[in-house]
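Mapping to my numbering: the sequence shown position 67 is 54, numbers consecutive. Read through the structure below, which is laid out as structure tokens, and then see the notes.
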Amino acid sequence: MARVTRMLRSEEMMRPLGGFSHLMVLRTESRASQPALFEFIGADLVRTDSKVDLISQRVEFPPEYENAKLFIINAQLPSYGPSVWGDGTCDGPGYSLALYWMIPDDVFEDLQNPTTTTLRLLKRFLEAGDDRSLTDRFKVIAQVTNQDECGMTGMAKKLLVSHNATPVLTRPQHRIYHFRKGSTEVVVDVHAFSYIARRGIHLLIDKTSKLVIDVAFVIQGETEDELPEQVLGCCRLDHASVQKAAELPS
-12 MARVTRMLRS
-2 EEMMRPLGGF
8 SHLMVLRTES
18 RASQPALFEF
28 IGADLVRTDS
38 KVDLISQRVE
48 FPPEYENAKL
58 FIINAQLPSY
68 GPSVWGDGTC
78 DGPGYSLALY
88 WMIPDDVFED
98 LQNPTTTTLR
108 LLKRFLEAGD
118 DRSLTDRFKV
128 IAQVTNQDEC
138 GMTGMAKKLL
148 VSHNATPVLT
158 RPQHRIYHFR
168 KGSTEVVVDV
178 HAFSYIARRG
188 IHLLIDKTSK
198 LVIDVAFVIQ
208 GETEDELPEQ
218 VLGCCRLDHA
228 SVQKAAELPS
């Protein structure tokens, strides 16, 4: 099997983001999150001919992470423009942006018998199987922190301003895989997003080298005993350019 030659270190393109407390992640009230539970360890940005699930099986992790419990977001980003006629195209050339977090040993141990709101909800999510009432709660927040200085104009700027830092439930365009004991990969299939969402992303994707983007994810709480939500993982994409994406070996 062809493999990505290496996992990028976080300081090369992205870096950990401490706390992420400035993002309001609750739907019902403004309240800052506690610090993230998972530790950001690196990323890959690769060019693909079609969508690639389970990118975790094509990555050679550094020795210190070979046996670690990992949580991975694999964002599949199309490089082709969406059709206004809704031709049903949902695969083709693009990029996989894979973000890697390590689940600390103490967090993983606490998940076995969780005593906090966040850990109880996370355990239910990880063990949900096909229960979409839980798996559909995966939520991502992306905030461009330099929107006033990045030089965006026209429709791209309008879309950026109107949607910046808006929490997004990735359902139903995500797939969840569990691999080796305790590790998870969430594939976010942007190819299958709505026309409007894909149009906005298409306008921005070749401009990522100008952007500083903070990313975080949570499991959405829906009842009082599931709140407040807490950020599970976060990182900063620091002028990450798709033009510099590596080719994924075939």
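C-beta atoms are modelled at their ideal positions from N, C-alpha and C, and glycine is treated no differently. Note that the coordinates shown come from a computational prediction; the quantities given were computed from them, not determined experimentally.
Cβ-based neighbour list, residue i, same chain, cut-off 6 Å, excluding 5 preceding and 5 following
i, result
"residue 66", "80, 81"
"residue 200", "129, 131, 224"
"residue 110", "98, 101"
"residue 55", "89"
"residue 154", "126, 128"
"residue 235", "33, 35"
Contact under 8 Å by Cβ, residue i with residue j
i, j, result
"residue 150", "residue 68", "no"
"residue 220", "residue 58", "yes"
"residue 118", "residue 85", "no"
"residue 169", "residue 95", "yes"
"residue 232", "residue 46", "no"
"residue 204", "residue 156", "no"
"residue 174", "residue 61", "yes"
"residue 48", "residue 222", "no"
8 Å Cβ shell around residue i - same chain, five flanking residues per side excluded
i, result
"residue 166", "41, 43, 44, 172"
"residue 182", "69, 70, 71, 73"
"residue 238", "Any question about residue 238 goes unanswered here, given that the chain covers just -12 to 237."
"residue 13", "Its pLDDT being 33, under 50, residue 13 is placed unreliably in this model, and the value from its coordinates should be taken loosely. Once the five neighbours on either side are set aside, the close Cβ partners of residue 13 are 208, 214, 215, 216."
Residue i - containing beta strand (DSSP E), residue span
i, result
"residue 57", "57 to 65"
"residue 34", "26 to 35"
"residue 81", "81 to 89"
"residue 170", "170 to 176"
Contacting residues, own chain, Cβ-Cβ under 7 Å from residue i (five flanking each side not counted)
i, result
"residue 38", "63, 78, 176, 178"
"residue 36", "80"
"residue 115", "121, 122"
"residue 107", "101"
Residue i - containing alpha helix (DSSP H), residue span
i, result
"residue 243", "Only positions -12 to 237 of the chain appear in this structure, which leaves residue 243 out of reach."
"residue 95", "92 to 99"
- Query: How do the stretch 214 to 226 and the stretch 190 to 206 stand: do at least 3 beta-carbon pairs fall below 8 Å, yes or no?
  - Reply: Yes, they touch.
- Which ranges does the beta strand (DSSP E) cover as unbroken runs of at least 3 residues, wholly within the stretch 202 to 231, from first to last along the chain? Here the runs fully enclosed are 220 to 225.
- Taking only runs that begin and end inside the stretch 113 to 162, name each unbroken beta strand (DSSP E) of 3 or more residues, in chain order. If you keep only unbroken beta strand (DSSP E) runs of at least 3 residues inside the stretch 113 to 162, you get 125 to 131.
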